[in-house]
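As structure tokens, the structure follows; a few thoughts come after it.
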């Protein structure tokens, strides 16, 4: 009896501590909804279904009412400003009624790191920020893959089939009808299911092609991190920025050149690990991921050990090259308070070190994925990681 009482006291004290003191945990085990595309794009919804708040959210009268608004023949999956605010109000009230469950939810969110941009907020506002971002991202995806509008980069992110074709539009109507009538339990599910179904219909599911990376492409180098004698190297790792082919070739001449520079620096023992970064970008629908082909070139042509090369096969922009590298470094147990290298050609390094790139990061990501950029050599920059890079954002559903 005494031990049970002691356990309850511990749990009370644990969850009573201000949630803002809980930071991201590199060893955090992500929960699964059973749908990889959902988990990758909308981990907030995964947590709503897999933590103690699930029962409360399913049974809440106000949220049930929101769910019923989607049970209409005119269902299109979009969230109005009024409906987003209605959910926000309901979640705030529910958090007051069920504080322990919502503290647990916020605790999971903070430990995951994927809501780190909101980490300075109290628990309730953390949840509301995540909800509003998710709702806006649902609208973004639904608009993009039903009408082809509002995409930030339509030339590389559009559906791989014509969204204006009669066949595609007919399939969209079938999906809308299906999700307005299905047996969804949670207020967000009809909209979320439609958004994910549209990504599949548009053949844009790259976000889960290689998941989980730590068990697929990066399993071998990951196993060597803990065995590394870091004192032998100036830097823990170097990031090599990708460059898309201009045609159907597997790897561009520019990517080969950048890899050659990286191999030279690796052989100088500046860093024990290389991160190559670049996804299936150009031409749209290409079978080749820049990073995978860069690793192949490094191993087969430049004789760099495969165990020294991490792969980011998702990044579609220079902004996310850096962001995704920070994620890999953090999740893989690197010391992210140490300076890292960025290897590229002189012109791109000049761009990365410019105010224009910082402005682009802030505009598209909402933060800078790195800080304290420095350049002492023409072949590379160095930087410190910013853990805001852990933030998940489904406004880029091919690489959230």
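Numbering (mature numbering (1 follows the signal peptide of the UniProt record, and there is no 0)), first residue to last: -19 to -1, 1 to 381. Cβ coordinates follow ideal geometry from the N, Cα and C atoms, glycine included.
Per the coordinates, the alpha-carbon of residue 292 lies some 10 Å from the alpha-carbon of residue 191. The Cβ atoms of residue 251 and residue 323 do not sit closer than 8 Å to each other. Counting only the Cα atoms, residue 344 lies some 38 Å from residue 212. Rounded to the nearest whole angstrom, the CA to CA distance from residue 309 to residue 261 is 18 Å. Cβ atoms of residue 380 and residue 118 stay farther apart than 8 Å, at about 13 Å. Beta-bridge partners assigned by DSSP to residue 90: none are found. Measuring C-alpha to C-alpha distances from residue 165 to each of 26, 109, 100 and 20 identifies 26 as the nearest. Cβ neighbours of residue 227 within its own chain (closer than 8 Å, five residues either side excluded): 233 and 263. Uninterrupted beta strand (DSSP E) stretches at least 3 residues long and entirely within the region 144 to 225 occur at 218 to 222, given in chain order. The region 52 to 60 and the region 270 to 281 do not touch, with fewer than three beta-carbon pairs separated by less than 8 Å. Going by DSSP, residue 303 is part of the alpha helix (DSSP H) stretching over 299 to 312. Looking at the DSSP output, residue 14 shares a beta bridge with no other residue. Secondary structure at residue 316: coil, using DSSP grouped into helix, strand and coil. In this structure, residue 236 lies away from residue 255, with their beta-carbon atoms at least 8 Å apart. Note: residue 238 is not bridge-paired with any residue in the DSSP secondary-structure output. Contact check for residue 104 against residue 116 fails: the beta carbons are separated by 8 Å or more. In this structure, the CA atom of residue 202 is about 20 Å from the CA atom of residue 320.
Distances from the CA of residue 81 to each of 49, 67, 114 and 34 were compared; the closest alpha carbon is that of 34. For the set 218, 300, 311 and 128, the Cα lying nearest the Cα of residue 150 is the one of 128. When DSSP states are grouped into helix, strand and coil, residue 285 belongs to the coil group.
In the three-state DSSP reduction, residue 142 falls in the coil class, being neither helix nor strand. Cβ contact annotation for residue 13 (same chain, cutoff 8 Å, sequence separation greater than five): 20, 27 and 31, in chain order.
Between residue 371 and residue 95, the CB-CB gap stays under 8 Å. Judged by their CB atoms, residue 92 and residue 9 are nearer to each other than the 8 Å cut-off. For residue 293, there is no enclosing alpha helix (DSSP H); the residue is part of the beta strand (DSSP E) that begins and ends at 290 to 293.
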